[in-house]
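What follows is a set of notes on a single structure, which appears directly below.
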Amino acid sequence: MTTETEDGGVRQDRLDANLARLEELSKRLTAALTQRRAHDPALHGPSAEVYMKAATAYMAEMMQNPARVLEHQIAYWGKTLKHYVEAQQVLAKGEFRAPEDPGPKDRRFQNPLWDSHPYFNFLKQQYLFNAEAIQTAVGDMEALAPEDRRRVDYFTRQIVDMFSPTNFFGTNPDALEKAVATDGASLVQGLENLVRDIEANSGEMVVTLADREAFRVGSNLATTPGDVVYRNKMFELIQYRPTTEKVHKTPLVIFPPWINKFYILDLKPANSLVKWIVDQGFTLFVVSWANPDATYAGIGMDDYIRDGYLRAMAEVRRITGVDQINAAGYCIAGTTLGLTLAHLEKAGDKTVKTATFFTTMTDFSDPGEVGVFLDDDFVDGIERQTAKDGILSKLFMSRTFSFLRSNDLIYQPAIRSYMLGEAPPAFDLLYWNGDGTNLPAKMAVEYLRGLCQQDGFAKGRFPVFGHPVSLAEVKVPLCAVACETDHIAHWRGSFNGIAQMGSKSKTFILAESGHIAGIINPPGRDKYGHYVSDAPVAGDPDAWKAAASFHKGSWWPRWGEWLAKASGPMVDARVPGDSVHPALAPAPGSYVVAEPKLLTA
Numbered sequence: 018m019t020t021e022t023e024d025g026g027v028r029q030d031r032l033d034a035n036l037a038r039l040e041e042l043s044k045r046l047t048a049a050l051t052q053r054r055a056h057d058p059a060l061h062g063p064s065a066e067v068y069m070k071a072a073t074a075y076m077a078e079m080m081q082n083p084a085r086v087l088e089h090q091i092a093y094w095g096k097t098l099k100h101y102v103e104a105q106q107v108l109a110k111g112e113f114r115a116p117e118d119p120g121p122k123d124r125r126f127q128n129p130l131w132d133s134h135p136y137f138n139f140l141k142q143q144y145l146f147n148a149e150a151i152q153t154a155v156g157d158m159e160a161l162a163p164e165d166r167r168r169v170d171y172f173t174r175q176i177v178d179m180f181s182p183t184n185f186f187g188t189n190p191d192a193l194e195k196a197v198a199t200d201g202a203s204l205v206q207g208l209e210n211l212v213r214d215i216e217a218n219s220g221e222m223v224v225t226l227a228d229r230e231a232f233r234v235g236s237n238l239a240t241t242p243g244d245v246v247y248r249n250k251m252f253e254l255i256q257y258r259p260t261t262e263k264v265h266k267t268p269l270v271i272f273p274p275w276i277n278k279f280y281i282l283d284l285k286p287a288n289s290l291v292k293w294i295v296d297q298g299f300t301l302f303v304v305s306w307a308n309p310d311a312t313y314a315g316i317g318m319d320d321y322i323r324d325g326y327l328r329a330m331a332e333v334r335r336i337t338g339v340d341q342i343n344a345a346g347y348c349i350a351g352t353t354l355g356l357t358l359a360h361l362e363k364a365g366d367k368t369v370k371t372a373t374f375f376t377t378m379t380d381f382s383d384p385g386e387v388g389v390f391l392d393d394d395f396v397d398g399i400e401r402q403t404a405k406d407g408i409l410s411k412l413f414m415s416r417t418f419s420f421l422r423s424n425d426l427i428y429q430p431a432i433r434s435y436m437l438g439e440a441p442p443a444f445d446l447l448y449w450n451g452d453g454t455n456l457p458a459k460m461a462v463e464y465l466r467g468l469c470q471q472d473g474f475a476k477g478r479f480p481v482f483g484h485p486v487s488l489a490e491v492k493v494p495l496c497a498v499a500c501e502t503d504h505i506a507h508w509r510g511s512f513n514g515i516a517q518m519g520s521k522s523k524t525f526i527l528a529e530s531g532h533i534a535g536i537i538n539p540p541g542r543d544k545y546g547h548y549v550s551d552a553p554v555a556g557d558p559d560a561w562k563a564a565a566s567f568h569k570g571s572w573w574p575r576w577g578e579w580l581a582k583a584s585g586p587m588v589d590a591r592v593p594g595d596s597v598h599p600a601l602a603p604a605p606g607s608y609v610v611a612e613p614k615l616l617t618a
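By the working numbering, the letter at position 532 of the sequence shown is numbered 549, and the numbering carries on one by one without gaps.
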């Protein structure tokens, strides 16, 4: 009895201490929130027009198809009432258990209490019934244009996902169990995590996805040996040190997206595409873009092409003493590589021998899921905000891409960090995902207006140095890699753009998985496979896939064979730089770790 009393007293003291700590943290939280800068309201959600269109379409559906609307309602009422009656019948028998749960299974509800406890099971099933009813009602609206339907469906799913009972402390059994088991310590740590994130992001709530102390760029990430051999305001050019005695004569330069940092291609030796390319006997250069601040406000797409692409290509040719190079572009850098190639074709310049496009969109007639953020309500807000700030902040881009996978990149990490008080995992890919960059104001608007909204490249209207270019003017032999479940550059859109290019030699590879995992898929793991076909890259993308053959394992070796055939004979391995291009710094360079100047309120 005495031991139990003492244990109870100790636990009570611990609980009291935790409650006092919560009060201290609440004061810090209030102070942190006052640091938040005011942003254009359009950046926080779609305009009211989206909701008005949805409401109008639903009213039209009620008037034109009252039977179907009633059918939806009756089905919903029937399911909810049936479950309520079943739950009551079980309780009436004096049994503390949930009624039979027909599913479907949802990985958000993994705690056994969601299936066995009457309270939590009732919450879960009623939520799922409501979610199904709402999504069915939206899906059956016939009075919406396709682009409006896509937006209404997407934002409806966002609202439904947000209201999941797992996202609220009082209805999350994992959070409640841990709070009781730790005498409130998990809540204290959760609030610590929340305050830390808000303080680190100037008043904005951005969930830390990975342990920031577990990784250091240049120490345990981006460790492939190399040297910065050229630097200007736009980029650092890294040449990697050879690991073979002989290398292919034609060098390769990779242009990564400047929306993120280049070291996604060089995370760890085991999954580094950079290291793998070097080990295959290629002379490899990679561009590391500057992370812009407000002084870059007037930098546009022409600047990226002239002072980025063309300058990097010229320096690679000078260093290696060759007339032609192979080039690769990833995501937006692939789009811009396409623009550069079209410009070079107009100029009669044969600098580029072959091109590789990783997850690249050039035809935006169907932008895919990301298209919900490309209407004027968002883009007008971006234009106003960038005119004020000089940049499109990494905050807005990171948040936009996270909402494409909100359960994985927002809600579940927030639950683990803020409700359960857990430390973020030591996960290299998520660390990179949180290490974002800004975009120059002019470039961001040109890209969103001219390429995304107006589909200028596919329509032959987007200007490079004042002259419009088109997809048909991309005529070098090319290889394109798209990813089957890519939420950012959907593979059908990528296929359609490549199909319109004027190249006579096209290779298309469809990799399993998404925008990152589909590309960073080293040989030997056999986690994700890929599709290839001898059929022309033309026509309907689904028809192409249906006729394609599936191969287990990484696409890297297949691309490596393609690249080797286009890279000429073997020559003595090249050390980085030359007498005119001395090593300025060891890889990964200084731009990748530099932080741009913070904006003032």
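Ideal placement from N, C-alpha and C gives every residue a C-beta, glycine not left out.
Thr-19 versus Gln-29 - alpha carbon distance
Residue confidence is low: Thr-19 scores 41 on pLDDT, short of 50, so the model does not pin down where it sits. Its coordinate-derived value is still stated next. Taking the straight line from one Cα to the other gives about 15 Å.
Measure the C-alpha to C-alpha separation of Gly-201 and Leu-36 and round it to an integer number of angstroms.
8 Å
To the nearest angstrom, report how far apart Glu-386 and Gly-243 are at their CA atoms.
38 Å
Classify Tyr-136: buried if its beta carbon has 16 or more other beta carbons within 10 angstroms, exposed otherwise.
exposed
With DSSP as the reference, identify every bridge partner of Thr-373, one or two as the case may be.
Ala-345 and Cys-496
Do Leu-447 and Leu-601 have their C-beta atoms closer together than 7 Å?
no
Look up Trp-131 in the DSSP assignment and say whether it is helix, strand or coil.
helix
Whose CA, out of Val-67, Lys-459 and Leu-39, lies closest to the CA of Gln-206?
Leu-39
Give the DSSP-derived three-state secondary structure of Glu-194 in the structure shown.
helix
Less than 6 Å between C-beta atoms, sequence neighbours within five positions excluded: which residues of the same chain meet that for Leu-204?
Ala-196
Rounding to the nearest angstrom, what Cα-Cα distance links Val-27 and Asp-33 in this structure?
10 Å
Quick test of your reading: Thr-368 and Lys-292, contact by CB under 8 Å. State the CB separation rounded to the nearest angstrom.
At roughly 26 Å, the Cβ-Cβ gap does not stay under 8 Å, so Thr-368 and Lys-292 are not in contact.
Just the C-alpha distance for Pro-119 and Glu-88, rounded to the nearest angstrom, thanks.
21 Å
Beta strand (DSSP E) runs contained entirely in the region 439-501, provided each spans 3 or more residues:
479-481, 484-486 and 495-500
Nearest residue (CA-CA) to Trp-306, options Thr-51, Asp-406 and Tyr-247:
Tyr-247
Kindly indicate which three-state DSSP category His-568 falls into: helix, strand or coil?
strand
Starting from Tyr-247, trace the beta strand (DSSP E) in both directions and tell me its first and last residue.
243-248
Residues sharing a beta bridge with Glu-253, DSSP
Arg-248 and Ser-305
Excluding sequence positions up to five away, which residues of its chain have a Cβ less than 7 Å from the Cβ of Thr-502?
Ser-530 and Gly-531
Endpoints, alpha helix (DSSP H) assigned at Thr-188:
From DSSP, Thr-188 is part of no alpha helix (DSSP H); its letter is neither H nor E.
Nearest to Ala-104 by CA position, among Asn-455, Thr-379 and Pro-116, is which residue?
Pro-116
Segment contact flag, the region 492-500 with the region 320-340, C-beta cutoff 8 Å, min 3 pairs
no
Cα-Cα separation, Glu-558 to Gln-127
A small correction: the amino acid at residue 558 is Pro; Glu does not occupy that position in the sequence shown. Answer to the nearest angstrom: the Cα atoms are 37 Å apart.
Taking Thr-524 as part of the beta strand (DSSP E), name the residues at either end of that continuous run.
523-528
With 16 as the cutoff for other CB atoms within 10 Å, does Glu-21 come out buried or exposed?
With a pLDDT of 47 at Glu-21, under the threshold of 50, the predicted position of this residue should be treated as unreliable, and no value is reported.
Exposure label - Ile-176; buried when at least 16 CB within 10 Å
exposed
Can you tell me the Cβ-Cβ gap for Gly-220 and Ala-475, rounded? I've got them flagged as a contact below 8 Å.
No, Gly-220 and Ala-475 are not in contact; Cβ-Cβ is about 40 Å, not under 8 Å.
Residue ranges of each alpha helix (DSSP H) within the region 562-607, 4 or longer:
573-582
Going by beta carbon distance, what residues of the same chain come within less than 7 Å of Pro-603, once the five residues before and after it are set aside?
Asp-244
According to DSSP, what are the bridge partners of Phe-272?
Gly-346
State the Cα-Cα distance for the pair Arg-323 and Thr-352, rounded to the nearest angstrom.
15 Å
Does the separation of the CB atoms of Ala-59 and Gly-398 fall below 7 Å?
yes
Note down the Cα distance separating Lys-411 from Val-102, rounded to an integer number of angstroms.
50 Å
Consider the Cβ of Thr-379: report whether some Cβ of chain C lies at a distance smaller than 7 Å.
Protein chain content of the structure displayed is limited to a single chain, and chain C is not contained in it.
Give me, in chain order, the residues of the same chain whose beta-carbon lies closer than 6 Å to that of Gly-325; leave out the 5 immediate sequence neighbours on both sides.
Met-251 and Phe-252
Are Asp-283 and Ala-443 closer than 7 Å when you measure CB to CB?
no
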